[in-house]
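Quick note on numbering: the sequence shown equals residues 2 to 144 in the numbering used here. Don't be surprised by glycine CBs; every beta carbon is placed ideally from N, CA and C. In this text, all values refer to a predicted model and were calculated from it rather than measured experimentally. What follows is a short report on a single structure.
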Amino acid sequence: MKRIAFICLMLTFVAGCTDFRQMYKPGVTRTQLNIDQGACNSDAAARYPPRIVTDWVPIYNSDGNIISHRVEQYDINEARRREGARSCMIAGGYEWTTIPFCKEEQTAGRSFAPITTLPPLNANICGLRTDSGRVLIDLSKPL
């Protein structure tokens, strides 16, 4: 079981290195995307405020006797809040999109300006890691 969990974790890390997911709506500026996401997050936070639950999990010795416990706290509304924000964005015309990161050979020796208005997705759109975070570029429009 530990081996399967480890393999799943490694696949998640590898997938995270090759593309990223984000809400996407062609024709929208990055600023408007952030404003819409903030509004949806605020709405979801108002509808599903934090509800922190405390659980005491027993710790057993080798004989099966309880020798101690550990305390775990979690927010039972976290998933509802996340789904509420996602539903709000989808209702606003956005969709979850997986965008690949640019390959080194695609950008070698060329400069690109970050995309400010999201274009229709095509094979030329990819993500680029920068010092200020991830940006989208269009490989067909080098500087």
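Distance between beta carbons of residue j and residue i, contact taken as under 8 Å
{"i": "Asp-20", "j": "Thr-99", "result": "5 Å"}
{"i": "Ile-60", "j": "His-70", "result": "6 Å"}
Same chain only: Cβ atoms within 8 Å of residue i, ignoring 5 sequence neighbours per side
{"i": "Asp-44", "result": "Gly-85, Ala-86, Cys-89"}
{"i": "Arg-111", "result": "Pro-143, Leu-144"}
{"i": "Leu-122", "result": "Tyr-25, Pro-27, Thr-98, Ile-100"}
Contact set for residue i: own chain, Cβ-Cβ below 6 Å, skip 5 residues either direction
{"i": "Cys-41", "result": "Ala-86, Cys-89, Met-90"}
{"i": "Leu-140", "result": "Gln-107, Asn-125"}
Start and end residues, alpha helix (DSSP H) containing residue i
{"i": "Thr-32", "result": "31-48"}
Span of the beta strand (DSSP E), counted from its first residue to its last, around residue i
{"i": "Leu-122", "result": "That residue, Leu-122, is in no beta strand (DSSP E); it is neither H nor E in DSSP."}
{"i": "Pro-59", "result": "53-61"}
{"i": "Gly-134", "result": "134-139"}
{"i": "Asp-20", "result": "20-25"}
Cβ neighbours of residue i in the same chain (closer than 7 Å, five flanking residues each side left out)
{"i": "Ala-46", "result": "Arg-82"}
Secondary structure, alpha helix (DSSP H): runs of 4+ residues fully inside the stretch 67-117 | 79-92, 105-108
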